[in-house]
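J.:
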Amino acid sequence: MELLIHYISLATKSIFIENILLAYFLGMCSFLAISKNVEASKGIGKAVIFVNGITVPLNWVIKTFLLDEGALVWLEKPLQWFGMKLSIPMISQISFLNVNLSFLTLICFISTIAALVQFVEMFIDKFSPSLYNSLGIFLPLITVNCSILGASIFMDERGYTFGESVVFGASSGVGFYLAIVCMAAIRFKLRYSNIPDGLKGLGITMILTGLLSMAYLSFSGIQL
Amino acid sequence: MTTKKTFIDPLIDNNPITRQVLGICSALAVTVKVEQAIVMTFALTFVVTMSNLIVSILRKYIPSSIRIIVQLIIISTLVTLIDKILEAYMYDISKELSVFIALIVTNCIVMGRADAFAMQNNPKASLLDGLGNGLGYGSILIIVAFFREILGFGTFLNIRILPEFLNNGLMILAPGAFIILGLIIWAQRTLTSFVED
């Protein structure tokens, strides 16, 4: 029960209070480019929830079992056993206690994301054509979306557990979805407004995002 | 395009942030203080210049079907390099910039220039294009940071300019960044008379 409450408060925190888009500015590029259209915004929002929910826990597994200092210890026993069998002293005395591969974190995270996005794309193309049609064109874009890599790096920096990383990944995606759909709706309303020439497009969008972000700031009073 | 134009164009007319709408994420996040913005400019200019150079040298050997992943590997190697250098020599700033140095990997400027320019042009032009885009990005970053630091903390490069009671807390928070950048985009587009349809 305690754990459930902890997860719910983590989800509320990452959806509203520390919204990945409006408080940490991650994923702005796709946010600005796609929020012209409500339907497309829904599509990319769903794709972000989906991909974030998978990549953050996956990167947690990679980080914890391969990259951290001493993370490879689980590999010692099988290797030693293998070395004994083949009687190769170099392998039978191997020790991974001081091995620290964390400098590879960034390359591993981005490769995982790129590979996973490709894989997910092929998978849903095969098994769920209707889902593919709604997410399809947005999936390749997501590889270079900062909110995906950003969520994984935050997970690493804040030292989440596996359960927390699942909740954090999915709910930061939900936060992105809410913000982008909200923005698309506002921009739709704005289509016939008379805006000064230089402010059209990007300029007014930035100012509106500022106002939206100010509205989200009001959640910061919530005590969790 | 002449050599000079390759370098000058992204600085003003074709600025990556205000015109091409690339790399907005970090432009907003690291502009609380001018000092951070300068370090970020340095880091990004290094990464975009080097990645443009390397991608351009390798452009004839990269198969187009896997070019994105090859570019990503080149870029993330460079970013890891600069991240570790900053951690070693400028630890405090590297802590303040936290994830945003690492996020240069997915910065659209770097990917965009590598894919759109360096894949088609010779190393020398690509190097200049990278340098121009890095500095064009940096100039906007420093302008935004200048306003946010002066209005938010009343200081410039940590030297007090305005009295403390004038500090505007909103400028330090996220909305300040969005609104200041919006106004700068307005100014730049009015000056270069560019209208988005």
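Residue numbers (the numbering used here), protein chains in the order written: chain F, 3 to 226; chain X, -14 to 182.
Using N, Cα and C, we set each Cβ at its ideal position, and we do this for glycine too.
(1) Please identify the residue among X/L136, X/L13, X/S41 and X/A159 whose C-alpha is closest to the C-alpha of F/T216.
(2) What first and last residue would you give for the alpha helix (DSSP H) that runs through F/L108?
(3) Using beta-carbon positions only, say whether X/L43 and X/G121 come within less than 8 Å of one another.
(4) Tell me the rounded alpha-carbon separation between F/E123 and F/I182.
(5) How big is the Cα-Cα spacing for X/I2 and X/T30?
(6) Short of 7 Å in beta carbon distance, which residues of its chain neighbour X/I165, apart from the five on each side in sequence? Order them along the chain.
(7) Hey, X/V64 and X/A87 are a contact pair by Cβ (cut 8 Å); roughly how many whole angstroms apart?
(8) Per DSSP, F/R193 is paired with what?
(9) Kindly indicate if chain F contains any beta-carbon less than 8 Å away from that of X/E72.
(10) Going by the beta-carbon positions, is the gap between X/R174 and F/G200 smaller than 8 Å?
(11) Can you give me the start and stop residues for the alpha helix (DSSP H) that X/A99 sits inside?
(12) Quick one: complete alpha helix (DSSP H) runs, 4+ long, within the region 8 to 94 of chain F?
(13) For F/S215 and chain X, any beta-carbon pair shorter than 8 Å?
(14) Apart from the five residues just before and just after X/T16, which ones in its own chain have a Cβ nearer than 7 Å to its Cβ?
(15) To which residues does DSSP link X/T140 through a beta bridge?
(16) Output, in chain order, the set of chain X residues within a Cβ distance shorter than 7 Å of F/M185.
(17) Just checking my contact of X/D114 with X/N37 at CB under 8 Å: how many whole Å lie between their CB atoms?
(18) With C-beta atoms as the reference, is X/L116 less than 8 Å away from X/I135?
(19) Using a Cβ-Cβ cut-off of 8 Å, state whether F/G161 counts as contacting chain X.
(20) Give a yes or no on whether 8 Å exceeds the smallest Cβ distance from X/A159 to chain F.
(21) If you pair each beta-carbon of the region 171 to 179 of chain F with each one of the region 41 to 56 of chain F, do three or more pairs fall below 8 Å?
(22) Assuming X/I59 and X/V40 make a contact with CB atoms under 8 Å, what is their CB distance in whole Å?
(23) Tell me, to the nearest whole angstrom, how far the beta carbon of X/N107 is from that of X/S11; I am working on the premise that it is less than 8 Å.
(24) What's the C-alpha gap between F/I56 and X/E181?
(25) Of the choices F/E78, F/E41 and F/N21, whose alpha-carbon is the least far from that of F/Y218?
(26) At least one CB of chain X closer than 8 Å to the CB of F/D199: is that the case?
(27) Is it a yes or a no for the region 81 to 89 of chain F touching the region 124 to 144 of chain F, going by three-plus beta-carbon pairs under 8 Å?
(28) Tell me whether the beta-carbon of X/S61 lies closer than 8 Å to the beta-carbon of X/E72.
(29) Quick check on F/R160: does DSSP put it in helix, strand or coil?
(30) Between F/V146 and chain X, is there a C-beta pair that is closer than 8 Å?
T.: This is what the structure gives:
(1) Here residue 216 of chain F refers to the residue found at position 214 of the first sequence. As written in the sequence, residue 216 of chain F is Met, which differs from the Thr given in the question. Closest option to F/M216, Cα to Cα, is X/A159.
(2) Position 106 of the first sequence, counting from 1, holds the residue named residue 108 of chain F. T107 to F129 is the span of the alpha helix (DSSP H), which, as asked, contains F/L108.
(3) Translated into positions along the second sequence, residue 43 of chain X becomes position 58. Translated into positions along the second sequence, residue 121 of chain X becomes position 136. Not closer than 8 Å, so no.
(4) Working through the first sequence from its first residue, we reach residue 123 of chain F at position 121. Working through the first sequence from its first residue, we reach residue 182 of chain F at position 180. Taking the straight line joining both Cα atoms gives about 22 Å.
(5) Sequence index remark: in the second sequence, residue 2 of chain X carries index 17 (1-based). Sequence index remark: in the second sequence, residue 30 of chain X carries index 45 (1-based). Taking the straight line from one Cα to the other gives about 14 Å.
(6) Here residue 165 of chain X is taken as the residue at index 180 of the second sequence, counted from 1. Same-chain partners within the cutoff: V129, F132 and R133.
(7) Residue numbering aside, residue 64 of chain X sits at position 79 when the second sequence is read from its first letter. Residue numbering aside, residue 87 of chain X sits at position 102 when the second sequence is read from its first letter. That belief holds up - the Cβ atoms of X/V64 and X/A87 are roughly 7 Å apart, short of 8 Å.
(8) The residue given as residue 193 of chain F occupies position 191 in the first sequence. DSSP lists no partner for F/R193.
(9) Along the second sequence, read from residue 1 onward, the residue named residue 72 of chain X stands at position 87. Taking Cβ atoms only, chain F never reaches closer than 8 Å to X/E72, which makes this a no.
(10) Taking the first residue of the second sequence as position 1, residue 174 of chain X is located at position 189. Taking the first residue of the first sequence as position 1, residue 200 of chain F is located at position 198. Closer than 8 Å, so yes.
(11) Translated into positions along the second sequence, residue 99 of chain X becomes position 114. No alpha helix (DSSP H) holds X/A99; DSSP gives it neither H nor E.
(12) 30 to 36, 40 to 64, 78 to 88 and 91 to 94
(13) As a working mapping, residue 215 of chain F is identified with position 213 in the first sequence. Closer than 8 Å: yes.
(14) The residue labelled residue 16 of chain X in the question sits at position 31 within the second sequence. Excluding residues within five positions, the ones whose Cβ falls inside 7 Å are A22, L126, V129, A130, R133 and A162.
(15) Counting from 1 along the second sequence, the entry for residue 140 of chain X is found at position 155. Answer is X/R145, bridged to X/T140.
(16) Taking the first residue of the first sequence as position 1, residue 185 of chain F is located at position 183. What F/M185 touches in chain X: nothing, since even the nearest Cβ is about 11 Å away.
(17) Here residue 114 of chain X is taken as the residue at index 129 of the second sequence, counted from 1. Here residue 37 of chain X is taken as the residue at index 52 of the second sequence, counted from 1. Going by Cβ atoms, the distance from X/D114 to X/N37 rounds to 6 Å, so yes, they are a contact pair.
(18) On the second sequence, residue 116 of chain X is found 131 positions in, with the first residue counted as 1. On the second sequence, residue 135 of chain X is found 150 positions in, with the first residue counted as 1. No.
(19) The count along the first sequence starts at 1 and reaches residue 161 of chain F at position 159. Among the residues facing chain X, F/G161 is not included, as its CB has no counterpart in that chain under 8 Å away.
(20) Here residue 159 of chain X is taken as the residue at index 174 of the second sequence, counted from 1. Judged by the 8 Å Cβ criterion, X/A159 is in contact with chain F.
(21) yes
(22) For the purposes of this step, residue 59 of chain X is taken as the residue at position 74 of the second sequence. For the purposes of this step, residue 40 of chain X is taken as the residue at position 55 of the second sequence. Confirmed, about 6 Å.
(23) Numbered from 1 along the second sequence, position 122 holds the residue referred to as residue 107 of chain X. Numbered from 1 along the second sequence, position 26 holds the residue referred to as residue 11 of chain X. Between X/S11 and X/N107 the Cβ distance is about 29 Å, and since that is not below 8 Å, they are no contact.
(24) If you number the first sequence from 1, residue 56 of chain F lands on position 54. If you number the second sequence from 1, residue 181 of chain X lands on position 196. Each residue's Cα considered, the two are about 37 Å apart.
(25) The residue you call residue 218 of chain F lines up with position 216 of the first sequence. Checked all of F/E78, F/E41 and F/N21; the closest Cα to F/Y218 is F/N21.
(26) If you number the first sequence from 1, residue 199 of chain F lands on position 197. Output row for F/D199: interface = yes.
(27) no
(28) The count along the second sequence starts at 1 and reaches residue 61 of chain X at position 76. The count along the second sequence starts at 1 and reaches residue 72 of chain X at position 87. Against a cut-off of 8 Å, the Cβ pair of X/E72 and X/S61 comes out as no contact.
(29) Counting from 1 along the first sequence, the entry for residue 160 of chain F is found at position 158. Here F/R160 sits in helix by DSSP.
(30) Your numbering for residue 146 of chain F matches position 144 in the first sequence. So, interface residue.
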